[in-house]
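Trainee:
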Amino acid sequence: MYLLQAATTTNLDEIATTTSAYPQLGDAFASINTAISGFNFQNPTWDLFIILFFVVSAFVYGLTLGRDRIILILIAVYMSLAIIGAAPFVDELVIADFGENNAFVSKYYYIFNNICCVILFIIAKRVIAGFSKIRCARSVVADNSV
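Residue numbering for the sequence shown follows this note's numbering, starting at 8 and increasing by one per position.
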């Protein structure tokens, strides 16, 4: 159910029982909890180190990018989620079958990633072009003041 429909609906049972294309949040947290409880932190394996490496890498990458770039990424993610939620053709797409229980490899994941990258590329190009115009204008003003 879309946010606007939920805001205008007074029947809470209708909102609670509505199914959507996205997995339910409770199910997602339950599967994450099951996955974390399956790790043995007393005797770690190589896959735990890989996951830890990616988490630390993402944290360091976020710190090095800076606030402006992180905001651009968040805007691109938000716009991609809005497009995926409103796209009428997503259900008709046929993507290779990776098994019925493989939630990570799905058509929504592929389409979301592609749209997010395209939007991020477009926004980043415009922002960089805008910054270069501002810097050129500042350098012209600085050269004329001498």
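Backbone N, C-alpha and C define an ideal beta-carbon position, used for all residues, glycine too.
Given the structure is predicted, the values throughout are model-derived calculations rather than measurements.
Skipping 5 residues on each side, what residues in its chain have a beta carbon closer than 8 Å to that of L79?
Mentor: For the purposes of this step, residue 79 is taken as residue 72 along the sequence shown, with counting starting at 1. So the qualifying residues of the chain are L127, I130, A131, V134.
Trainee: Smallest Cα separation from V84: which of L59, G69, V125?
Mentor: One-based indexing of the sequence shown puts residue 84 at position 77. Selected option, being the one with the closest Cα: V125.
Trainee: Which class does A131 belong to by DSSP, given the choice of helix, strand or coil?
Mentor: Stepping through the sequence shown from its first residue, residue 131 is reached at position 124. Note: A131 maps to helix in three-state DSSP.
Trainee: In angstroms with no decimal places, state the Cα-to-Cα distance between L59 and M86.
Mentor: Translated into the one-based positions of the sequence shown, residue 59 becomes position 52. Translated into the one-based positions of the sequence shown, residue 86 becomes position 79. The straight-line gap from Cα to Cα measures roughly 29 Å.
Trainee: Specify the secondary structure class of A83 as computed by DSSP and reduced to three states.
Mentor: In the sequence shown, counting from the first residue as 1, residue 83 sits at position 76. A83: helix per DSSP, three-state reduction.
Trainee: Applying the criterion that 16 or more other CB atoms from any shown protein chain within 10 Å of the CB defines a buried residue, is L72 buried or exposed?
Mentor: In the sequence shown, the residue the question calls residue 72 occupies position 65. It counts as exposed.
Trainee: Expressed to the nearest angstrom, what Euclidean distance is found between the alpha-carbon atoms of G45 and T52?
Mentor: By 1-based counting over the sequence shown, the position of residue 45 is 38. By 1-based counting over the sequence shown, the position of residue 52 is 45. In a straight line, the C-alpha of G45 is about 12 Å away from that of T52.
Trainee: Smallest Cα separation from A94: which of R74, I118, I82, R76?
Mentor: If you number the sequence shown from 1, residue 94 lands on position 87. Cα-wise, what sits closest to A94 is I118.
Trainee: Exposed or buried, Y115, counting other C-beta atoms within 10 Å across all chains shown (16 or more means buried)?
Mentor: Working through the sequence shown from its first residue, we reach residue 115 at position 108. So Y115 ends up on the buried side.
Trainee: Would you decide whether I122 is buried or exposed? Buried here means 16 or more other CB atoms lie within 10 Å of its CB.
Mentor: Against the sequence shown, residue 122 aligns to sequence position 115. Flag for I122 reads buried.
Trainee: For F36, which residues from the same chain have a beta carbon less than 6 Å from its beta carbon, with the 5 sequence-adjacent residues on both sides left out?
Mentor: Along the sequence shown, read from residue 1 onward, the residue named residue 36 stands at position 29. Within the same chain, F36 has no close Cβ partners at all.
Trainee: Provide the residue span of the alpha helix (DSSP H) that contains F36, from first to last.
Mentor: To locate residue 36, count along the sequence shown from 1; it is residue 29. 32-44 is the extent of the alpha helix (DSSP H) around F36.
Trainee: Might you give, ordered along the chain, the residues of its own chain that have their beta carbon closer than 8 Å to the beta carbon of I77, omitting 5 neighbours on each side?
Mentor: The residue given as residue 77 occupies position 70 in the sequence shown. Cβ-Cβ distances below 8 Å link I77 to G69 in the same chain, with the five nearest sequence neighbours on each side left out; the list follows chain order.
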